[in-house]
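Engineer: One structure follows; several queries about it will come next.
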Amino acid sequence: MQERRDFLKQLALITGSLMLPIHVGAKPNEDKWGKILPLRKLGKTGEYVTMLGVGGYHIGWTTKRDAQEVIETAMAGGIRFFDTAESYDKGGSEIKYGKYLIPKYRDQIFLMSKTTAVDSATAAKHLDESLKRLNCDYLDLWQVHSLSTPDDVDRRIENEVLEVFEKAKSQGKVKHIGFTGHQNPFAHKRMFEATVQKDIFETIQIPINAIDPHFHSFIKNAMPIALDRNFGVLAMKTLADGRFFKEKKMKDKVIWKTEKPVTPDHLSIREALYYSWSLPISVLITGAENKKMLQEKIDLANQFTNMSESQRIALVERLADVSNEKVEYYKKI
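Read in order, the letters of the sequence shown correspond to residues 44 to 376 in my numbering.
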C-alpha cells in the first residue's frame, strides 16, 4: 500500500510538471473543407496540428471502401493530421492515401510516414518509395520507426540511418523528423542521449494511456525528456491497441478476447482519451477501420474538457489491477 502511495505521489509530480498550455494562438479554425478540430503546437517544429489524427495502420488493412470513408469522415470532421508508414500493409496504407487523400487534400493536411530501416541504403529507398506510393513530393514529418532496444538505436546510428534523415530534410523531401517506438522506453532514452549534441529530432511518438504509468512507462521515462527538449509528442496506443476492450477483431478474425475488459468495466472510452489529451501531447493518433469508429473519436474531441491532476491520478489508481503485459502486450522488457 505504501508503495502504491509513493508511486501516485511520484506520478502527481511528473504529470504536474508535464502539463503545459495548449497553444492555439491566432490559427484559423477552418479551411476550404470546413471547421477544423482544435489545434496544438507540435513542439519545436512551430507547426500546429489537430488534436486528433488518423492512424495509417488500420487504413492499410481495412477495405478500400472503408479506407476512403474514413478519410472523408476525417476531413469532414476537422481532422488534418494523417499518419502512415512504409511497413503498414506492405505499403498498402500509403497507396490508399495516395489514391483517396493526397490528390484532393494535400495542401490542407499534415502528412507523416515512417521507416523501419536499420541501414542508410534501406532508409533512402523507403523514403523514395513512400513518396511514390503517396503520390506527393514531400512529407511533413518522417520518423525513425519502431525503436525496440538501446542496442537497436546504436545499430541504426552506426549504420548511418540518421544521416539519411538529415539529408532528406536538407533536400526538402521532408519538413520535420522524429522517432517512434512502443516496446521499450529506454530505447527512446538512448536515442535522446545519442543525439543530445546534434539535437536533430523534433518529435517523438509513444504509447500514452492510463495504464502506461504502472508498467514499463513511456510517460515516466520518455515524455519528460521529450518535453524538456521541446519535442512534439504524438500519442499512440491510447486504448492499448484495442486491448482495453473485451474483444478485438482484424479482418473478422478475433485476435484478443478477455472476460475482464478494461473498457467499459474500469473506464469509458471518453475517460481513456481524455486522460491522454489532458497530458501535453500534440496529437492523439487513433486507429479506425470504419467511419463509425472515427466519428466517435471526433465527437469526443469536440466535447473535450481537461482532466484535473487529481482526476488523472484517481483514474490511474483505478486501473492498477488490470495493468499488465497482457493488455500492453507490445511492451518488451
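No residue lacks a Cβ here, since even glycine has one placed at the ideal position from N, Cα and C.
1) Roughly how many whole angstroms lie between the Cα atoms of T159 and H101?
2) Can at least three beta-carbon pairs, one atom from the stretch 127-144 and one from the stretch 330-344, be found at a separation below 8 Å?
3) Alpha carbon to alpha carbon, how far is V305 from A164?
4) Is it buried or exposed, R198, if we count other Cβ atoms within 10 angstroms and call 16 or more buried?
5) From which residue to which residue does the alpha helix (DSSP H) around Q354 run?
6) What are the residues that DSSP puts in a beta bridge with A110?
7) Can you list, in chain order, the residues of its chain with a C-beta nearer than 7 Å to that of I328? Leave out the 5 residues immediately preceding and following it.
8) List in chain order: all unbroken beta strand (DSSP E) runs of 3+ residues lying wholly within the stretch 203-271.
9) Report the option in V239, K335, S325, E314 whose CA atom is closest to the CA atom of L358.
10) What are the boundary residues of the beta strand (DSSP E) that S156 is part of?
11) On the criterion of 16 or more Cβ atoms from any shown chain inside 10 Å, does K374 qualify as buried, or is it exposed?
12) At which residues does the beta strand (DSSP E) containing N303 begin and terminate?
13) Using 8 Å as the cut-off, can you tell me whether the stretch 248-260 makes contact with the stretch 280-287, which would need three or more C-beta pairs spanning the two stretches below that distance?
14) Sort out for me which residues DSSP pairs I328 with in a bridge.
15) For H169, which three-state DSSP category applies?
16) Which same chain residues, not among the five before or five after S136, have their C-beta less than 6 Å away from its C-beta?
17) Please classify G86: is it buried, with 16 or more other beta-carbons within 10 angstroms of its beta-carbon, or exposed?
18) K133: which of Q111, E115, K157, I122 sits nearest, CA to CA?
19) State the start and end residues of the unbroken beta strand (DSSP E) segment that holds R83.
Structural biologist: In brief:
1) Taking the first residue of the sequence shown as 1, we reach residue 159 at position 116. Taking the first residue of the sequence shown as 1, we reach residue 101 at position 58. Whole-angstrom Cα-Cα distance: 18 Å.
2) no
3) Within the sequence shown, numbered from 1, the residue matching residue 305 stands at position 262. Within the sequence shown, numbered from 1, the residue matching residue 164 stands at position 121. The alpha-carbon atoms of V305 and A164 are separated by roughly 43 Å.
4) Counting from 1 along the sequence shown, the entry for residue 198 is found at position 155. Exposed, because fewer than 16 other Cβ atoms sit within 10 Å of the Cβ of R198.
5) The residue given as residue 354 occupies position 311 in the sequence shown. Looking at the DSSP string, the run of the alpha helix (DSSP H) that includes Q354 is 352-361.
6) If you number the sequence shown from 1, residue 110 lands on position 67. According to DSSP, A110 bridges with nothing at all.
7) As a working note, residue 328 is residue 285 in the sequence shown. Contacts found: G96, G98, D126, L277, A278, M279.
8) 217-223, 246-250
9) Position 315 of the sequence shown, counted from the first residue, corresponds to residue 358. Among V239, K335, S325, E314, the Cα nearest to that of L358 belongs to E314.
10) Taking the first residue of the sequence shown as 1, we reach residue 156 at position 113. Unbroken beta strand (DSSP E) run through S156: 153-158.
11) Position 331 of the sequence shown holds residue 374. It is buried - the Cβ of K374 has at least 16 other Cβ atoms within 10 Å.
12) As a position in the sequence shown, residue 303 is number 260, starting the count at 1. Per the sequence presented here, residue 303 reads as Lys, with Asn not at that position. Here K303 belongs to no beta strand (DSSP E), and DSSP marks it neither H nor E.
13) yes
14) Reading the sequence shown from its first residue, position 285 is the one you call residue 328. G96, per the DSSP bridge assignment.
15) Numbered from 1 along the sequence shown, position 126 holds the residue referred to as residue 169. Helix.
16) Within the sequence shown, residue 136 is the residue found at index 93, counting from 1. Excluding residues within five positions, the ones whose Cβ falls inside 6 Å are G99, I102, G103, T127.
17) As a working mapping, residue 86 is identified with position 43 in the sequence shown. Classification of G86: buried, given that the 10 Å Cβ count is 16 or more.
18) Along the sequence shown, one-based indexing puts residue 133 at 90. Checked all of Q111, E115, K157, I122; the closest Cα to K133 is K157.
19) Taking the sequence shown and counting its residues from 1, one reaches residue 83 at position 40. First-last of the beta strand (DSSP E) with R83: 82-84.
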